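K.L.:
Quick one: the structure is below, and I'll ask about it shortly.
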Amino acid sequence: MPHLCARHRLKELFACQVEVVVLTCEPLTMGEERYYAAEIVLKSDFVNGRVGLQVSLEDLDEWERCLDALEAEAGAEWPTGGRSAWLAVVPEDPVEVTVHDSPSTQIAVRMPIDVASDWLEENRLRLDRVQKAVATVS
Numbered sequence: 000m001p002h003l004c005a006r007h008r009l010k011e012l013f014a015c016q017v018e019v020v021v022l023t024c025e026p027l028t029m030g031e032e033r034y035y036a037a038e039i040v041l042k043s044d045f046v047n048g049r050v051g052l053q054v055s056l057e058d059l060d061e062w063e064r065c066l067d068a069l070e071a072e073a074g075a076e077w078p079t080g081g082r083s084a085w086l087a088v089v090p091e092d093p094v095e096v097t098v099h100d101s102p103s104t105q106i107a108v109r110m111p112i113d114v115a116s117d118w119l120e121e122n123r124l125r126l127d128r129v130q131k132a133v134a135t136v137s
């Protein structure tokens with residue numbers, strides 16, 4: 000029987016131009032780790048794309064540490080580990096986001112993006128909602 004999945008935007012970075020959507024449905028279990036389907040979505044007048052990935056509870060905790068790094072004006076890469084697609088965020092003016100589809104196609108797309116002043120706070124609120132939603136599925 001198919002499971003219904005809910006879509007939760009973990010990161011709606013930068014005015015809907017780059018977002019990560021986590022699907023909270025039955026997780027894929029590998030050993031002790033549970034992975035949830037997710038995708039990174041890019042939208043611009045020039046390029047549109049999406050790439051799938053799997054995120055764990057540890058990955059969600061890691062995004063919180065990335066937000067701390069970005070608040071301190073350091074760059075961040077998420078998720079780490081090289082097992083799937085990932086993004087790199089450089090907090091310059093404008094913010095620069097690069098989405099890497101490795102290890103699959105080896106394609107990377109870089110987008111400069113103007114952000115609202117409260118983008119980090121908004122991302123923290125989204126993370127909290129996703130963590131709560133995933134906790135009810137686990």
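Residue 0 is where the sequence shown starts when you use numbering that gives the first Met the number 0, and the numbers rise one by one after that. All C-beta atoms, glycine included, are put in the ideal place defined by N, C-alpha and C. This structure is a prediction, so every number in the text was calculated from the model and none was measured.
1. Sort out for me which residues DSSP pairs Lys131 with in a bridge.
2. Look at the alpha carbon of Pro78 and the alpha carbon of Glu61, and state the distance between them as a whole number of angstroms.
3. Give me the residue from Val17, Arg123, Ile112 and Leu124 with the minimum Cα distance to Ile39.
4. For the candidate residues Thr97, Pro26, Tyr34 and Met110, whose alpha-carbon lies nearest to that of Ala87?
5. Is the beta carbon of Glu32 sitting closer than 8 Å to the one on Leu126?
6. How long is the line joining the alpha carbons of Thr135 and Val129, rounded to whole angstroms?
P.N.:
According to the data block:
1. On the sequence shown, position 132 is the one that residue 131 refers to. Answer is none; Lys131 lacks a bridge partner.
2. Taking the first residue of the sequence shown as 1, we reach residue 78 at position 79. Taking the first residue of the sequence shown as 1, we reach residue 61 at position 62. Roughly 7 Å between the two C-alpha positions.
3. Position 40 of the sequence shown holds residue 39. Minimum Cα distance to Ile39 is reached at Val17.
4. Counting from 1 along the sequence shown, the entry for residue 87 is found at position 88. Ranking Thr97, Pro26, Tyr34 and Met110 by Cα distance to Ala87 puts Thr97 first.
5. The residue labelled residue 32 in the question sits at position 33 within the sequence shown. The residue labelled residue 126 in the question sits at position 127 within the sequence shown. Going by C-beta atoms, Glu32 is not nearer than 8 Å to Leu126.
6. Residue 135 sits at position 136 when you count from the first residue of the sequence shown. Residue 129 sits at position 130 when you count from the first residue of the sequence shown. Approximately 10 Å between the Cα atoms of the pair.
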